[in-house]
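Visitor: Protein chains in written order, with numbering that gives the first Met the number 0: chain A, 0 to 440; chain B, 0 to 461. No residue lacks a Cβ here, since even glycine has one placed at the ideal position from N, Cα and C. This one's a predicted model, so the numbers in the text were calculated from it and none came from an experiment. Here's a structure for you.
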Amino acid sequence: MATAARQSRYRDGEVAVRPAAHRWQALQSVDTARLLLLGSTAILVAACVPQLVHIGQSSQAAIAFGLFIAFGELLRLSLPGGREAAPIAMTAALALAMALTIAPAHHLPRISGAQVVAVAALGMALGALPHIAAGRPAGGTGMSARLVAVALVAFIFRPLARMIWLSHPWYVAFGVMAALATLAWLLETVIIAIIRAEDLRARYSVTLADELRVQWRLGLAVGISAIITVFGATVMGLDELAVFAGPLFVIQLAFRRYAGIRATYLQTVRALAQVTEVAGYVDSGHSRRVSKVALAVGRELGMSERDLLKLEYAALMHDIGQLSLVDPIPAGATVDVGPAKTRSIAEFGAEVIGQTGVLDEVASIVRFQWLPYRGHSVRPPLSSRIIRVVNAFDDQVADSSDRDRIAAALANIRSRMDYEYDPAVVSALATVTNRLPVSRL
Amino acid sequence: MRRLSLGSWLYLAVIVAVASAIIAIAPTGTADKTWWKYYAALAALFLICASTPIPLAARQSAWSPSSAATLAAVVVLHGGFGAAMVGASAVLTLRRQVPIYERLFNGAMYAIAGYAAGVAFLAVSKEPHPFTAHMLQATEIGSPHGLHRTLFVAFGVAALVHVLVNHGLLWGMLLLDRRSRAAAPRGESPAALPMLLAYDILFAGLGLVIAALWPVMHYYAAAVVLVPLSVARWAMGQFAEQQRAHAATLAALCQAVETKDFYTRGHSDRVSRGAGMIARQIKMPSNRIEAVRFAGMLHDVGKLGVPTKVLQKDGALTEEEYAAIQLHPMRGLEIVGEIGFLNEALTGIMHHHERMDGRGYPMGFAGDEIPVFAKIIAVADAFDSMTSTRSYRMARTNEDAVAELRKSAGSQFDPKIVEAFVSALEREQWKGQEPALPREYEILTSQDHDDPISPLRVIESR
Numbered sequence: 000m001a002t003a004a005r006q007s008r009y010r011d012g013e014v015a016v017r018p019a020a021h022r023w024q025a026l027q028s029v030d031t032a033r034l035l036l037l038g039s040t041a042i043l044v045a046a047c048v049p050q051l052v053h054i055g056q057s058s059q060a061a062i063a064f065g066l067f068i069a070f071g072e073l074l075r076l077s078l079p080g081g082r083e084a085a086p087i088a089m090t091a092a093l094a095l096a097m098a099l100t101i102a103p104a105h106h107l108p109r110i111s112g113a114q115v116v117a118v119a120a121l122g123m124a125l126g127a128l129p130h131i132a133a134g135r136p137a138g139g140t141g142m143s144a145r146l147v148a149v150a151l152v153a154f155i156f157r158p159l160a161r162m163i164w165l166s167h168p169w170y171v172a173f174g175v176m177a178a179l180a181t182l183a184w185l186l187e188t189v190i191i192a193i194i195r196a197e198d199l200r201a202r203y204s205v206t207l208a209d210e211l212r213v214q215w216r217l218g219l220a221v222g223i224s225a226i227i228t229v230f231g232a233t234v235m236g237l238d239e240l241a242v243f244a245g246p247l248f249v250i251q252l253a254f255r256r257y258a259g260i261r262a263t264y265l266q267t268v269r270a271l272a273q274v275t276e277v278a279g280y281v282d283s284g285h286s287r288r289v290s291k292v293a294l295a296v297g298r299e300l301g302m303s304e305r306d307l308l309k310l311e312y313a314a315l316m317h318d319i320g321q322l323s324l325v326d327p328i329p330a331g332a333t334v335d336v337g338p339a340k341t342r343s344i345a346e347f348g349a350e351v352i353g354q355t356g357v358l359d360e361v362a363s364i365v366r367f368q369w370l371p372y373r374g375h376s377v378r379p380p381l382s383s384r385i386i387r388v389v390n391a392f393d394d395q396v397a398d399s400s401d402r403d404r405i406a407a408a409l410a411n412i413r414s415r416m417d418y419e420y421d422p423a424v425v426s427a428l429a430t431v432t433n434r435l436p437v438s439r440l
Numbered sequence: 000m001r002r003l004s005l006g007s008w009l010y011l012a013v014i015v016a017v018a019s020a021i022i023a024i025a026p027t028g029t030a031d032k033t034w035w036k037y038y039a040a041l042a043a044l045f046l047i048c049a050s051t052p053i054p055l056a057a058r059q060s061a062w063s064p065s066s067a068a069t070l071a072a073v074v075v076l077h078g079g080f081g082a083a084m085v086g087a088s089a090v091l092t093l094r095r096q097v098p099i100y101e102r103l104f105n106g107a108m109y110a111i112a113g114y115a116a117g118v119a120f121l122a123v124s125k126e127p128h129p130f131t132a133h134m135l136q137a138t139e140i141g142s143p144h145g146l147h148r149t150l151f152v153a154f155g156v157a158a159l160v161h162v163l164v165n166h167g168l169l170w171g172m173l174l175l176d177r178r179s180r181a182a183a184p185r186g187e188s189p190a191a192l193p194m195l196l197a198y199d200i201l202f203a204g205l206g207l208v209i210a211a212l213w214p215v216m217h218y219y220a221a222a223v224v225l226v227p228l229s230v231a232r233w234a235m236g237q238f239a240e241q242q243r244a245h246a247a248t249l250a251a252l253c254q255a256v257e258t259k260d261f262y263t264r265g266h267s268d269r270v271s272r273g274a275g276m277i278a279r280q281i282k283m284p285s286n287r288i289e290a291v292r293f294a295g296m297l298h299d300v301g302k303l304g305v306p307t308k309v310l311q312k313d314g315a316l317t318e319e320e321y322a323a324i325q326l327h328p329m330r331g332l333e334i335v336g337e338i339g340f341l342n343e344a345l346t347g348i349m350h351h352h353e354r355m356d357g358r359g360y361p362m363g364f365a366g367d368e369i370p371v372f373a374k375i376i377a378v379a380d381a382f383d384s385m386t387s388t389r390s391y392r393m394a395r396t397n398e399d400a401v402a403e404l405r406k407s408a409g410s411q412f413d414p415k416i417v418e419a420f421v422s423a424l425e426r427e428q429w430k431g432q433e434p435a436l437p438r439e440y441e442i443l444t445s446q447d448h449d450d451p452i453s454p455l456r457v458i459e460s461r
């Protein structure tokens, strides 16, 4: 597919005549943070892997942990919001980095920090191979973030290991490990948040808060599971890994099912939002476009992920109220009918959504989309204001990427800005549409 | 409180007697004075797990990782007595509204399972002293002691015995209980059993992990293990919540589609329920029952693509108009085709107007070419249409509608499905359309494309 597309572009001569400056811009749009992360991880791995020749009698432990990490990477997890995690791989890698002794314990493990990094890197790569073979993304960014976090723990922990074992009660070791696991989790989260901020063109502070909120539970489970693995291995030896694999698998299954139903939910709402299009009430593709642009505008305005999800649902279903109309509005342009009608459509839509009993906030976003920005005692919620602006924009522009048409639509919206539309939302819309055509948002 | 049959009461009495005898007679295993602290910690872990069971799927069954505590007791408290005591703590479950006989049964069942596991463990390991001592030695640096492999084997056997005794006793009760009541039991349904078994076997290892932490952390091990468990519990809770929300949203959106037409209001919901009844009757696995219910819910969503004036038309349809109506299964597919989880349900939506004689639409499939989901929906669909009031006729009685279904069995409907529906009707009550008069502004259709008694009239064009 990819090669075919490239060839056809060559035939058109598009790539060939592209000016050099243009190409440079295209390269720059591959975000710098990701390049930096991948580059530094590559250097780290290149420096650590040769150390494996000195592994000696710890090779058995290295192989067992490496395989366990590969197993975890194979069972990688897609989480809501396009995230990816490999909790079992991370548990095993952290446990290896913090291993105290592995029974039968003649000595503290001789696996150095560099060797830990090398084993984790090879394990992850091995686990990623089936994903690549199946045509799924390799997940290099996620693996790099995990590896950097593991490296941090491995290098800090080695010197501490001898001090905290033996002469102290177990909770000293437990506390140190918990602190290190927290540190690793924070580092991984910060890295991922920076990259997400670039990918989604959202504010860094917002993506960091989102990441912390979404990931803390899984991070907690991973950290404690790693510590359990460490203590278990001091007693049971490497057999511990085999014994603990089952429970970890079942625990991860819970997250997998949760992520699955979230994805299904979104899919269902997206599909059923099309009923208004099939019934001829609105332009084909209208709901999907409005939701995409509304999301981009919401991000530009610094909305959190939780609010963005509600905005997305509301944007997808904002026209559902038109089902109460006997005959479709010509061309579905709700801006062109009277305010009373718009209001009743919005209220009927809110009623439908409210009937679910679980989407009350989404219902109230839809309810207030008819309200102008000023002139009423109530100020509509931000999400309603966004949908109102984006809906008006899409009614005029639809899927066109014609710059003049976009500019005309924006000018039209601006002319009614002080009363009808929220100026902040309009300027965010201008920024967003100026950056990319709607079809590529 | 529902009544138990005499057989179930006897069974319960026998099991409680056996469990009491075990606890009274069995040797306590460890002579250590601190054992009750260990017991209390493991019983607390057991209770916390058992009090917050994880729903596996809607309305089906629940699973809890509590057996990990019993199995840990087998190793830590060395043998059957401690494990029986931990299992017996199920009597104290913190779940509300658990009837007393259910508490007694669960406590006795887990006590017997724990004791059996303990006996098996000791018999295989042949070890006179608690393993925790060996484990403690293994943690010391410089110690050459590893754990003997028999521990792992013995634990594996104990876990297997626990799973088998637990599910065996539960099955006995379910069989007796089911005979006493017509409807399927609310608890464990047979379809979920393989999954429950798999979870129990996979999760058994946690018991050994807890035991391994014990020599180092003592009873704090129970608390530490609880952390990942409660995170998993949170995720499953979220899953259940989102699943309910998803079903509610789907239902609300389907209802919105129906608002256009007064007479068909509630139709999708009833067809969904009818399809579920048939699917249960022909003993489909639970995930397919769920799927066919979704298909029933969504089967007419494509009607939105049919212009209102065609749906409303009083009198014979032109061929174009009839073609527009015939298109609705495909329109439905267009709308919901992207919803990944529907899979087989999509075949039900697309083919619900096929006929056994091949004269249906859209594909003209005949006999076994028609997917079973479509056959099920066709029957539920026609039955609901006939038993609902239309502007041109009153509702038929259930008996009339059944007679009509039987008359068309073979030509329009699959006779097996019709008979399954008839038996399901005897078992479960059909909640039909609520009699109400349309409000003034509501649209009234004067024909129903689902009605087998008065099919759509089409003008033949020359």
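State the start and end residues of the unbroken beta strand (DSSP E) segment that holds SER77 (chain A).
Guide: Residues 76–78.
Visitor: Of all the alpha helix (DSSP H) runs that stay within the bounds of the region 238–299 of chain B, which reach a length of 4 or more residues?
Guide: Listed in chain order, they are 266–280 and 285–297.
Visitor: With respect to the beta strand (DSSP E) encompassing ARG82 (chain A), which residues constitute its N-terminal and C-terminal limits?
Guide: That run of the beta strand (DSSP E) goes 82–84.
Visitor: Closest to LEU5 (chain B) by CA distance: which of B:ALA89, B:GLU425, B:GLY113 and B:ASP176 is it?
Guide: Checking every option, the nearest Cα to that of LEU5 (chain B) belongs to B:ASP176.
Visitor: Grouping DSSP H, G and I as helix and E and B as strand, with all else coil, what is ARG366 (chain A)?
Guide: Three-state result, ARG366 (chain A): helix.
Visitor: Please specify which runs of the alpha helix (DSSP H), each continuous and at least 4 residues long, are wholly inside the region 283–330 of chain A, giving them in chain order.
Guide: Counting whole runs of 4 or more residues, the region 283–330 of chain A contains the alpha helix (DSSP H) stretches 285–299 and 304–315.
Visitor: Listed in chain order, which residues of the region 194–208 of chain B have Cβ atoms closer than 8 Å to some Cβ of chain A?
Guide: Cβ contacts with chain A come from TYR198, ILE200, LEU201, PHE202, ALA203, GLY204, LEU205, LEU207 and VAL208.
Visitor: Which residues mark the beginning and the end of the alpha helix (DSSP H) in which VAL371 (chain B) is found?
Guide: VAL371 (chain B) -> alpha helix (DSSP H) spans 371–385.
Visitor: Can you tell which of A:ALA160, A:ILE62, A:LEU43 and A:VAL425 has its C-alpha closest to the C-alpha of ALA408 (chain A)?
Guide: For the residues A:ALA160, A:ILE62, A:LEU43 and A:VAL425, the minimum Cα distance to ALA408 (chain A) belongs to A:VAL425.
Visitor: For the region 273–286 of chain A against the region 166–175 of chain A, do three or more pairs of beta-carbon atoms, one drawn from each stretch, fall closer than 8 Å, so that the two count as touching?
Guide: Verdict: no, contact absent.
Visitor: Thinking C-alpha only, which one of A:VAL52, A:SER383 and A:VAL234 is nearest ALA132 (chain B)?
Guide: Nearest C-alpha to ALA132 (chain B): A:VAL234.
Visitor: Could you tell me the alpha carbon to alpha carbon distance between GLN96 (chain B) and ASP413 (chain B), rounded to whole angstroms?
Guide: If you take the alpha carbons of GLN96 (chain B) and ASP413 (chain B), they lie about 44 Å apart.
Visitor: Kindly give me the distance between the Cβ atoms of VAL74 (chain B) and LEU207 (chain B), rounded to whole angstroms, as I take these residues to be in contact under 8 Å.
Guide: Right, their Cβ atoms sit about 7 Å apart.
Visitor: 8 Å is my cut-off, CB to CB: does TRP35 (chain B) come that close to chain A?
Guide: For TRP35 (chain B), the answer is no, since every Cβ of chain A falls outside 8 Å of its Cβ.
Visitor: What residue from A:THR228, A:GLN395 and A:TYR418 has the CA that sits closest to ALA241 (chain A)'s CA?
Guide: Measuring from the Cα of ALA241 (chain A), the nearest candidate turns out to be A:THR228.
Visitor: Using the Cβ count rule (16 or more neighbours within 10 Å means buried), how would you classify THR181 (chain A)?
Guide: It counts as exposed.
Visitor: Enumerate in chain order the residues of its own chain whose CB-to-CB distance from THR430 (chain A) is below 7 Å, with the five nearest sequence positions on each side excluded.
Guide: Counting only Cβ-Cβ distances below 7 Å, and skipping sequence neighbours, we find GLU299.
Visitor: In chain order, what residues of the region 262–277 of chain A put their CB closer than 9 Å to some CB of chain B?
Guide: Residues ALA262, THR263, TYR264, GLN266, THR267, VAL268, ARG269, ALA270, LEU271, ALA272, GLN273, VAL274, THR275, GLU276 and VAL277.
Visitor: Classify ALA181 (chain B) as helix, strand or coil using the three-state DSSP reduction.
Guide: With a pLDDT of 38 at ALA181 (chain B), under the threshold of 50, the modelled position of this residue cannot be trusted, and the question is left open.
Visitor: With distance defined between alpha-carbon atoms, name the residue in A:GLU419, A:LEU237 and A:VAL48 nearest to ALA119 (chain A).
Guide: The shortest C-alpha separation from ALA119 (chain A) is found at A:VAL48.
Visitor: From the beta carbon of HIS245 (chain B), is the nearest beta carbon of chain A less than 8 Å away?
Guide: By this cut-off, HIS245 (chain B) is an interface position.
Visitor: Where ARG279 (chain B) and ALA379 (chain B) are concerned, what is the direct C-alpha to C-alpha distance, given to the nearest angstrom?
Guide: Each residue's Cα considered, the two are about 13 Å apart.
Visitor: Is it buried or exposed, LEU76 (chain B), if we count other Cβ atoms within 10 angstroms and call 16 or more buried?
Guide: Buried, because 16 or more other Cβ atoms sit within 10 Å of the Cβ of LEU76 (chain B).
Visitor: Note down, in chain order, every chain B residue with its Cβ under 8 Å from the Cβ of ARG256 (chain A).
Guide: Near ARG256 (chain A) (Cβ distances below 8 Å), the residues of chain B are ALA234, MET235 and PHE238.
Visitor: When you compare each of B:PHE104, B:ALA211 and B:ALA247 to GLY356 (chain A) by their alpha carbons, which one comes out closest?
Guide: Closest option to GLY356 (chain A), Cα to Cα, is B:ALA247.
Visitor: Run down chain B in chain order and give the residues with a C-beta less than 8 Å from the C-beta of GLU239 (chain A).
Guide: The contacting residues are VAL208 and ALA211.
Visitor: Just curious, the alpha helix (DSSP H) that SER65 (chain B) is in, first and last residue?
Guide: Note, SER65 (chain B): premise wrong, no alpha helix (DSSP H); not H, not E.
Visitor: I want to see whether chain B comes within less than 8 Å of ALA220 (chain A), judged by CB atoms only; does it?
Guide: Output row for ALA220 (chain A): interface = yes.
Visitor: Count Cβ pairs between the region 384–398 of chain A and the region 283–292 of chain A that sit closer than 8 Å; are there 3 or more?
Guide: Short answer: they touch.
Visitor: Quick one: is PRO98 (chain B) buried, meaning 16 or more other Cβ sit within 10 Å of its Cβ, or exposed?
Guide: Answer is exposed; the Cβ neighbour count stays below 16.
Visitor: Using a C-beta cutoff of 8 Å, does TRP184 (chain A) count as contacting chain B?
Guide: TRP184 (chain A) does not count as touching chain B.
Visitor: Kindly confirm or deny that the region 202–216 of chain A and the region 151–166 of chain A touch, where touching means at least three C-beta pairs closer than 8 Å.
Guide: The region 202–216 of chain A vs the region 151–166 of chain A: no contact.
Visitor: Return the chain-ordered list of same chain residues with a C-beta closer than 6 Å to the C-beta of LEU370 (chain A), the five sequence neighbours on each side being excluded.
Guide: PRO379, listed in sequence order.
Visitor: My assumption, with CB atoms under 8 Å, is that GLU311 (chain A) sits in contact with LEU324 (chain A). Please give the rounded CB distance.
Guide: Wrong, their Cβ atoms sit about 24 Å apart, outside the cutoff.
Visitor: For ILE53 (chain B), write down the residues that DSSP places opposite it in a beta bridge.
Guide: DSSP, once it has assigned bridges, lists B:TRP62 as partnering ILE53 (chain B).
Visitor: Rounded to the nearest angstrom, how far is the Cβ of ALA344 (chain B) from that of VAL291 (chain B), given a contact under 8 Å?
Guide: Yes, they are in contact, since the Cβ atoms of ALA344 (chain B) and VAL291 (chain B) sit about 7 Å apart, within 8 Å.
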